[in-house]
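Only one structure is covered here, and it is reproduced in the block below.
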Amino acid sequence: MYSQIAANKRKTWLLIFVFVLIAVLIAYIAGLYFSDWTITIGVIIGSIIYAIVGYFSSAGVALALSGAKPITKQDNPRVYRIVENLSIAAGMPMPKVYIIDDPAPNAFATGRNPQNSHVAFTSGILDLLSDTELEGVAAHELSHVQNYDIRVMSTVMVLVVVIGLLSDIFLRMMWFGGRDRENNSGGIVAILGIIALILAPLVASLVKLAISRKREFLADASGALLTRYPDGLASALDKIGRYSKPMQHTHSSTAHLFLDNPMDSAKEEESLSFAGLFSTHPPIKERIARLRQMENEL
2 MYSQIAANKR KTWLLIFVFV LIAVLIAYIA GLYFSDWTIT IGVIIGSIIY
52 AIVGYFSSAG VALALSGAKP ITKQDNPRVY RIVENLSIAA GMPMPKVYII
102 DDPAPNAFAT GRNPQNSHVA FTSGILDLLS DTELEGVAAH ELSHVQNYDI
152 RVMSTVMVLV VVIGLLSDIF LRMMWFGGRD RENNSGGIVA ILGIIALILA
202 PLVASLVKLA ISRKREFLAD ASGALLTRYP DGLASALDKI GRYSKPMQHT
252 HSSTAHLFLD NPMDSAKEEE SLSFAGLFST HPPIKERIAR LRQMENEL
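According to this note's numbering, the sequence shown holds residues 2 to 299 in order.
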């Protein structure tokens, strides 16, 4: 279990490095094409500022898009105490707890760090799961907080937007103006630049999805380690996987935050093949199989 956690952490930081490399590449192409390196510097500085602003506002945006409402212990003692007990066991601050009025069973965590974290559960998941299963789900979400997944995914989400915006802006600039089109070297740079800028958002999205899948495996392992009972989360995922309807209020930009893909109505089993590359989450059956294996190791 510990080796799986360490391996997933290494892979995630490698993927984030690739992400940053894509952003720097876009800035470099722009500077090369327009023969003005101040553009490159400006793009990098502007991207950093945008990322910082987006990072601090991402939690509020995610909660608002999902329709999450904060609760106290008096509002729902059951879920509040489960989160409270697990927070104490993990040695971390108690996150703010939210309920989403939605019959689809799901949950997510967001925030900048453990001191500014939020955990949300749908009303559907509270109705569907037993206390042991709900504890497994809560441990999974708290593991996202403890592993700083919420920080990583907030950063990645902002970087995806930055890369998409930069690619769109520079493609328009290259198309409607810029260097002398008769210049052969400039033409070659333009062709290479256009190809790179078209591919950049696609690659960025694939990187984001890959990071999301890795973080889910890591949170499954960390959550199982926290409860010392992997079968609780495995049983919860099995029930969630059988639910056939998507969430009523969700958005593609926040889908990767949830325990299971909130926009997937089919719930069919996907392998991590070509189609699986575009999935925000690893297949539920694969997650359950790993948890069952952990049960034997503990």
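Glycine residues also receive a C-beta, built at the ideal position from the N, C-alpha and C atoms. Just so you know, these numbers come straight off a predicted model, no measurement behind them.
Note that the C-beta distance between MET248 and PRO231 is not below 9 Å. For the pair ALA31 and VAL138, the Cα-to-Cα distance works out to about 45 Å. DSSP places PRO78 outside any beta strand (DSSP E); the residue lies instead in the alpha helix (DSSP H), whose first and last residues are 78 to 91.
Counted as a single uninterrupted DSSP element, the beta strand (DSSP E) harbouring SER118 occupies residues 118 to 123.
Counting every other CB atom within 10 Å of its CB across the protein chains shown gives PHE57 a total below 16, marking it as exposed. Under DSSP, GLY112 forms a beta bridge with SER118. Here ILE241 carries a helix assignment [DSSP, helix/strand/coil]. Counting along the chain, the unbroken beta strand (DSSP E) around LYS70 starts and ends at 69 to 71.
One thing to note: LEU227 has its Cβ no nearer than 9 Å to the Cβ of ALA108.
For a cut-off of 8 Å, the C-beta gap from LEU172 to ALA237 is around 44 Å, too long to register as a contact. Contact check for ASP221 against ARG293 fails: the beta carbons are separated by 9 Å or more. Secondary structure note for LYS286: its alpha helix (DSSP H) is the uninterrupted segment 285 to 298. For VAL98, the pairing in a beta bridge is given by DSSP as VAL120.
For the 9 Å CB-CB criterion, THR111 and LEU64 form a contact. With a minimum length of 4 residues, the unbroken runs of alpha helix (DSSP H) contained wholly in the region 15 to 76 fall at 38 to 67. ALA91 is a Cβ neighbour of GLN147, given a cutoff of 9 Å. In this structure, ILE100 keeps its C-beta atom at 9 Å or more from the C-beta atom of ASN114.
When rounded, the separation of the alpha-carbon atoms in THR73 and ILE27 is 46 Å.
Only residues of its own chain outside the window of five on either side were considered, and among them LEU66, SER67, GLY68, ILE101 and ASP103 have a CB closer than 8 Å to the CB of HIS250, listed in chain order. Out of SER168, THR255, ARG152 and LYS215, the CA that lies nearest to the CA of ILE53 is found in ARG152. For the pair ARG214 and HIS145, the CB atoms are not nearer than the 9 Å cut-off. Under a 10 Å Cβ-count criterion, GLY125 is classified as buried, with 16 or more other Cβ atoms of the shown protein chains found around its own Cβ. DSSP places ALA140 in the uninterrupted alpha helix (DSSP H) bounded by 132 to 147. Taking the Cα of ALA211 as reference, the smallest distance to any Cα among LEU258, LEU167 and PRO106 is reached at LEU258.
The Cβ neighbour count for PHE18, taken over all protein chains shown within 10 Å, is under 16; the residue is labelled exposed.
LEU219 and LEU127 have their C-alpha atoms some 23 Å from each other. Listed as beta-bridge partners of PHE218 by DSSP are no residues whatsoever.
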